[in-house]
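Participant: One structure coming up, written as structure tokens, with questions to follow.
Chains as they are written, first to last, in this note's numbering: chain A, 706 to 921; chain B, 706 to 921.
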């Protein structure tokens, strides 16, 4: 995972990366291991020891960078979110603007989930952190950030119908996509089937959206 | 909570209700307390002791009916699901058939969430149980049952477009509604605001659906 270049730097969590290349690399390695552990076990069941084991690093090293499971989860979510926003923006950059750009959103999201298995778990981790008083504001802020980005796409798609509220459309799109993900994961154990169902369900969602955004 | 009358009896979980009125009433009381505890804490954090406390009954009583947290969660989910399916069917019964009936689905779902606060937590509990090997098949089966019911409504609405697959539409509707619920709960602490956002987001979803089911 690389630090986002176009997104404003997320709130710093855990210790800052060391001044050395080595410290930053260790931090990334821990975050990747933690993302895998949270994806596999969920936030509540995951333990710091699981992250230590998955990272292949010493306990001291992990605790040097992150003093608690909560700070680790916050860092994973913050940095993954920034990374994914960048990925989606980069995928959309090829499409100039307007309705075509909004329509490129679904393939961009599906592509993101094909390339990064941890993307499947972000909605659940966001929900888990929204249930802890200390991290609830962050979970809401990151969700709002996704929604704002999607709302911009909706606005650019120039809805002719003034009864269409871009933020409401964006909230529905973000929620619907996350919910579709969760549902297909409940229905099937097979990642390929889940990916296929996410793709076809997402395409249907965009087709339904098109009818509202650009009625023929 | 009353036992469903029109839904096939769910797989029996926990001990059967005692032969006395009293035993059945105790069982219902424990299930309602457990539903509240799971809604408040989530499955992983909830403990049998929390259920004992919330029910106001003795530990012995609770364990007489349910020997584990897992069996309790399975019973809550199974019976709540059956109850909610019945509620939604009863709300739709007034609308004869076709597209109007499908359109009545959203108000029925919103009404259900207004009348029963535990309905907000069912998607999360389903997801939690889908993560445990022993209860994963049940979580998938109950989800499939919702989807089949919605798919019947979609079929009755007579989509003229043969590229519209009723089960795919139903999967998207069920997933989208659950995801919208989860998202508005992350965004706001206020139950009234969440209910309002669920209603307007759900209405938008049905408006988008209408454009696909019955294009003008």
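For glycine and all other residues, C-beta sits at the position ideal for the given N, C-alpha and C.
With DSSP as the reference, label residue 870 of chain B as helix, strand or coil.
Facilitator: Note: residue 870 of chain B maps to coil in three-state DSSP.
Participant: Quick check: residue 767 of chain A and residue 735 of chain A, are their CB atoms within less than 9 Å of each other?
Facilitator: Their beta carbons are under 9 Å apart, which means residue 767 of chain A touches residue 735 of chain A by this criterion.
Participant: Which value, in whole angstroms, describes the spacing of the CA atoms of residue 908 of chain B and residue 896 of chain A?
Facilitator: Going from the Cα of residue 908 of chain B to the Cα of residue 896 of chain A covers about 31 Å.
Participant: Select from A/878, A/845 and A/752 the residue whose C-alpha is nearest the C-alpha of residue 782 of chain A.
Facilitator: For the residues A/878, A/845 and A/752, the minimum Cα distance to residue 782 of chain A belongs to A/845.
Participant: Can you pull the chain A residues whose beta carbon is under 7 Å from the beta carbon of residue 732 of chain B, in chain order?
Facilitator: Going along chain A, no residue has its Cβ under 7 Å from residue 732 of chain B, so there is no contact; the nearest lies around 27 Å.
Participant: Identify each residue in the segment 769-791 of chain A for which the Cβ-Cβ distance to at least one residue of chain B is less than 9 Å, and report them in chain order.
Facilitator: Residues passing the 9 Å Cβ filter: none.
Participant: For a test of the three-state rule: what should DSSP assign to residue 769 of chain A, helix, strand or coil?
Facilitator: Residue state, collapsed to three classes: helix.
Participant: Distance cutoff 9 Å, beta carbons only. Does residue 806 of chain A sit that close to anything in chain B?
Facilitator: No, residue 806 of chain A does not count as interfacial toward chain B.
Participant: Looking only at its own chain, which residues have a Cβ that is under 8 Å from the Cβ of residue 887 of chain A, when we skip the five neighbours before and after it?
Facilitator: Only 828 and 829 meet the Cβ criterion.
Participant: Quick one: what does DSSP say residue 709 of chain A is sitting in, helix, strand or coil?
Facilitator: With a pLDDT of only 42 at residue 709 of chain A, under the threshold of 50, the placement of this residue in the model should not be trusted, and no figure is reported.
Participant: Would a C-beta distance cut-off of 9 Å place residue 806 of chain A and residue 817 of chain A closer than the cut-off?
Facilitator: No, the pair does not count as a contact, with Cβ atoms beyond the cut-off.
Participant: Throw me the rounded Cβ distance for the residue 815 of chain B and residue 903 of chain B pair, which I believe falls under 8 Å.
Facilitator: That pair is a contact at about 6 Å.
Participant: Strictly below 7 Å CB to CB, what residues from chain B border residue 913 of chain A?
Facilitator: Within chain B, the residues near residue 913 of chain A are 913, 914, 916 and 917.
Participant: Got a sec: does the ligand SAM put a non-hydrogen atom nearer than 8 Å to the Cβ of residue 842 of chain B?
Facilitator: By its list of ligands, the structure shown contains no ligand whatsoever, and the ligand SAM lies outside what it can speak to.
Participant: Taking C-alpha atoms, which residue in A/754, A/883 and A/905 lies nearest to residue 831 of chain A?
Facilitator: Comparing Cα positions, the closest option is A/883.
Participant: Using CA atoms only, rank isn't needed, just tell me which of A/761, A/879 and A/821 is closest to residue 744 of chain A.
Facilitator: For the residues A/761, A/879 and A/821, the minimum Cα distance to residue 744 of chain A belongs to A/821.
Participant: With 8 Å as the limit, tell me which residues of the segment 735-757 of chain A have their beta carbon closer than that to any beta carbon of chain B; keep them in chain order.
Facilitator: Result list: 747, 749 and 750.
Participant: Who are the near neighbours of residue 802 of chain B in its chain, counting only those whose CB is closer than 7 Å to its CB and skipping five residues on each side?
Facilitator: Once the five neighbours on either side are set aside, the close Cβ partners of residue 802 of chain B are 861.
Participant: What is the DSSP secondary structure of residue 802 of chain A, reduced to helix, strand or coil?
Facilitator: Coil at residue 802 of chain A, not helix or strand.
Participant: I need the straight-line Cα distance from residue 804 of chain B to residue 792 of chain B, nearest angstrom please.
Facilitator: Rounded to whole angstroms, residue 804 of chain B to residue 792 of chain B spans 20 Å at the Cα level.
Participant: With a threshold of 9 Å between beta-carbons, can residue 845 of chain B be considered close to chain A, or not?
Facilitator: It does: the Cβ of residue 845 of chain B has a partner Cβ on chain A nearer than 9 Å.
Participant: First and last residue of the alpha helix (DSSP H) that includes residue 749 of chain A?
Facilitator: Residues 726-750.
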